[in-house]
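Some notes on the structure that comes next.
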Amino acid sequence: MTAAQVTGINEPGRRIAEEAAALMPALSAIRRDIHAHPELAFEEVRTAGIVAAELARMGIPHRTGLGKTGVVGIIEGGRPGPTLAIRADMDALPIHEETGLPFASTADGKMHACGHDIHTATLLGVAEVLRGMAPMLAGRVALVFQPAEEVLGGAAAMIADGAAEGIDLALGFHNAPDMPVGETGFTRGACLAASDRFDLVVRGKSGHAAHPESAVDPIVAAAHFVAQVQTVVSREVDPLRPVVVTIGMFQGGATYNIIPERVHLKGTVRTLDEGTRDIAEAAIRRLCAGLETGFRVECALDYRRLVPPLVNHDSVLDRMLAAVTAQMGQAPAAGVPSMGSEDFAEFAKLVPAAHLRIGSGAPGRADKLHNAGYQPDEGCIAVGVQALSRAALEILA
Numbered sequence: 001m002t003a004a005q006v007t008g009i010n011e012p013g014r015r016i017a018e019e020a021a022a023l024m025p026a027l028s029a030i031r032r033d034i035h036a037h038p039e040l041a042f043e044e045v046r047t048a049g050i051v052a053a054e055l056a057r058m059g060i061p062h063r064t065g066l067g068k069t070g071v072v073g074i075i076e077g078g079r080p081g082p083t084l085a086i087r088a089d090m091d092a093l094p095i096h097e098e099t100g101l102p103f104a105s106t107a108d109g110k111m112h113a114c115g116h117d118i119h120t121a122t123l124l125g126v127a128e129v130l131r132g133m134a135p136m137l138a139g140r141v142a143l144v145f146q147p148a149e150e151v152l153g154g155a156a157a158m159i160a161d162g163a164a165e166g167i168d169l170a171l172g173f174h175n176a177p178d179m180p181v182g183e184t185g186f187t188r189g190a191c192l193a194a195s196d197r198f199d200l201v202v203r204g205k206s207g208h209a210a211h212p213e214s215a216v217d218p219i220v221a222a223a224h225f226v227a228q229v230q231t232v233v234s235r236e237v238d239p240l241r242p243v244v245v246t247i248g249m250f251q252g253g254a255t256y257n258i259i260p261e262r263v264h265l266k267g268t269v270r271t272l273d274e275g276t277r278d279i280a281e282a283a284i285r286r287l288c289a290g291l292e293t294g295f296r297v298e299c300a301l302d303y304r305r306l307v308p309p310l311v312n313h314d315s316v317l318d319r320m321l322a323a324v325t326a327q328m329g330q331a332p333a334a335g336v337p338s339m340g341s342e343d344f345a346e347f348a349k350l351v352p353a354a355h356l357r358i359g360s361g362a363p364g365r366a367d368k369l370h371n372a373g374y375q376p377d378e379g380c381i382a383v384g385v386q387a388l389s390r391a392a393l394e395i396l397a
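Residues 1 to 397 in the UniProt record's numbering are what the sequence shown lists, from first letter to last.
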């Protein structure tokens, strides 16, 4: 018997919608409490405590301390079947809030400017709905509350602590201020980029600005590298395969008339496929070797691969889209990939997974993520509860 065939006072879609609406006052209060007390990556002790307390109240077995501050709750279905993980992130950003909201951050220099407070409240709502519908599930749901997404390290830390053991499928989601509340979206295939970072120290020989022939100038060499590294995008990679290389820091020297000893650069590389990722890294390493030969400097390159591209698997994506369409009465809108990154990709690398965008744009506003004035519409919580609960119900039918 599938979820759609289960009968009772309400068919599943109506029951889910009614429960999501009834839960909104409590979920809004939780979200605002978390918003007022933001915690940065791997510091989400208070937030994790709220999550654990809510799961305990619901009678949902859970583990804490996974990946330092992560929490995983388990809802057992009424029949055997696979384990579906639904993941929400919990961490805030090092941004000073400027919204003026009555529940604004009470921590200077910290803010939920990416909506992870929304995500945490949403997954708690999903937990409440699904625990009451557990007999209809063939399998189990793992509720994954993850730390440290903003530094792209929380998913790997939780996985290292066993959070992915036994998981067969996974769903992720993110609020989307470029879409109004009530709308949802997706991208087929690679939807978010791999993220890599590098530090480059270019070492020369310091000297007087009036006598450059007696020095080896690392600023000139590093400046050439900044210009040359853009040829990775324009001349190394197929134009139809996106790559973004950005230098975010260039530090060297302290005054007018001294050629410094060294220059320090920080950069990031974003790609949508592993082949392009390999090409970009190899090219950057080759450019550094060229600097050493051409400019007589020494280059110390520390290149780190953080997370892979987030790739939606059609087998999960199609079932999720059908469920969301049935629940919301409107199909999720197809979108294009973003060069932003998301460490839910670590779960998607292990098991078939799909990622849903949930509209959070407030009327009359044009908010952007990672902004000091970010104000998502809380109505997106109820939409997320409905969409994800129905997706779990149908996937585990």
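Quick reminder that beta carbons are idealized off the backbone N, C-alpha and C, glycines included.
Alpha-carbon to alpha-carbon, residue j and residue i
{"i": "residue 136", "j": "residue 240", "result": "45 Å"}
{"i": "residue 331", "j": "residue 219", "result": "53 Å"}
{"i": "residue 213", "j": "residue 225", "result": "21 Å"}
{"i": "residue 1", "j": "residue 397", "result": "The predicted model places residue 1 with a pLDDT of 32, which falls under 50 and marks its position as unreliable; any figure quoted below should be read in that light. Computed Cα separation, rounded: 8 Å."}
{"i": "residue 211", "j": "residue 309", "result": "48 Å"}
{"i": "residue 185", "j": "residue 205", "result": "54 Å"}
{"i": "residue 152", "j": "residue 350", "result": "16 Å"}
{"i": "residue 304", "j": "residue 283", "result": "14 Å"}
{"i": "residue 49", "j": "residue 77", "result": "25 Å"}
{"i": "residue 7", "j": "residue 387", "result": "The predicted position of residue 7 is uncertain, since its pLDDT is 36 and thus under 50; a value taken from the coordinates is nonetheless stated next. The straight-line gap from Cα to Cα measures roughly 20 Å."}
{"i": "residue 3", "j": "residue 129", "result": "Only weak support exists for where residue 3 lies, its pLDDT of 40 falling under 50; the value from the coordinates is given anyway. Cα to Cα, residue 3 sits roughly 14 Å from residue 129."}
{"i": "residue 134", "j": "residue 75", "result": "7 Å"}
{"i": "residue 327", "j": "residue 160", "result": "35 Å"}
{"i": "residue 323", "j": "residue 394", "result": "6 Å"}
{"i": "residue 126", "j": "residue 157", "result": "24 Å"}
{"i": "residue 289", "j": "residue 92", "result": "39 Å"}
{"i": "residue 94", "j": "residue 163", "result": "27 Å"}
{"i": "residue 58", "j": "residue 20", "result": "15 Å"}
{"i": "residue 69", "j": "residue 146", "result": "8 Å"}
{"i": "residue 365", "j": "residue 297", "result": "50 Å"}
{"i": "residue 182", "j": "residue 325", "result": "12 Å"}
{"i": "residue 191", "j": "residue 46", "result": "32 Å"}
Exposure label - residue i; buried when at least 16 CB within 10 Å
{"i": "residue 368", "result": "exposed"}
{"i": "residue 238", "result": "exposed"}
{"i": "residue 175", "result": "buried"}
{"i": "residue 246", "result": "exposed"}
{"i": "residue 217", "result": "buried"}
{"i": "residue 39", "result": "buried"}
{"i": "residue 86", "result": "buried"}
{"i": "residue 391", "result": "buried"}
{"i": "residue 122", "result": "buried"}
{"i": "residue 67", "result": "buried"}
{"i": "residue 18", "result": "exposed"}
{"i": "residue 80", "result": "exposed"}
{"i": "residue 277", "result": "buried"}
{"i": "residue 286", "result": "exposed"}
{"i": "residue 249", "result": "exposed"}
{"i": "residue 109", "result": "exposed"}
{"i": "residue 14", "result": "exposed"}
{"i": "residue 166", "result": "exposed"}
{"i": "residue 262", "result": "buried"}
Closer than 6 Å: residue i CB and nearest the ligand NAP heavy atom
{"i": "residue 198", "result": "Looking at this structure, you won't find the ligand NAP or any other ligand, since it has none at all."}
Distance between beta carbons of residue j and residue i, contact taken as under 8 Å
{"i": "residue 300", "j": "residue 201", "result": "4 Å"}
{"i": "residue 88", "j": "residue 120", "result": "5 Å"}
{"i": "residue 295", "j": "residue 148", "result": "About 38 Å separates the two Cβ atoms, so there is no contact after all."}
{"i": "residue 52", "j": "residue 71", "result": "6 Å"}
{"i": "residue 36", "j": "residue 104", "result": "7 Å"}
{"i": "residue 341", "j": "residue 195", "result": "4 Å"}
{"i": "residue 221", "j": "residue 265", "result": "Their Cβ separation, rounded to whole angstroms, is 11 Å, which puts residue 221 and residue 265 out of contact at 8 Å."}
{"i": "residue 55", "j": "residue 139", "result": "About 19 Å separates the two Cβ atoms, so there is no contact after all."}
{"i": "residue 312", "j": "residue 113", "result": "Incorrect: roughly 25 Å between the Cβ atoms, too far for contact."}
Extent of the continuous beta strand (DSSP E) to which residue i belongs
{"i": "residue 367", "result": "Careful: residue 367 lies outside any beta strand (DSSP E) and carries neither H nor E."}
{"i": "residue 298", "result": "298-307"}
{"i": "residue 191", "result": "190-192"}
{"i": "residue 105", "result": "Unbroken run through residue 105: none, as it is neither H nor E."}
{"i": "residue 72", "result": "70-76"}
{"i": "residue 358", "result": "353-361"}
{"i": "residue 174", "result": "169-180"}
{"i": "residue 271", "result": "262-271"}
{"i": "residue 247", "result": "243-252"}
{"i": "residue 141", "result": "138-146"}
{"i": "residue 186", "result": "184-186"}
{"i": "residue 218", "result": "Residue 218 -> not in any beta strand (DSSP E); alpha helix (DSSP H) instead, spanning 218-228."}
{"i": "residue 85", "result": "79-89"}
First and last residue of the uninterrupted alpha helix (DSSP H) at residue i
{"i": "residue 392", "result": "379-395"}
{"i": "residue 349", "result": "345-350"}
{"i": "residue 45", "result": "45-58"}
{"i": "residue 65", "result": "First-last for residue 65: 62-66, but that is the beta strand (DSSP E), not the alpha helix (DSSP H)."}
{"i": "residue 24", "result": "12-36"}
Test: residue i CB closer than 7 Å to a CB of chain B
{"i": "residue 202", "result": "The structure shown has no chain B; it contains just one protein chain."}
Using 8 Å as the threshold, is the region 249-258 in touch with the region 309-320, meaning 3 or more CB pairs across them?
no
Is it the case that the region 17-36 contacts the region 378-390, given that we only count it when at least three CB pairs across the two stretches are under 8 Å?
yes
Would you be able to state if there are at least three C-beta pairs under 8 Å between the region 96-111 and the region 347-367?
no
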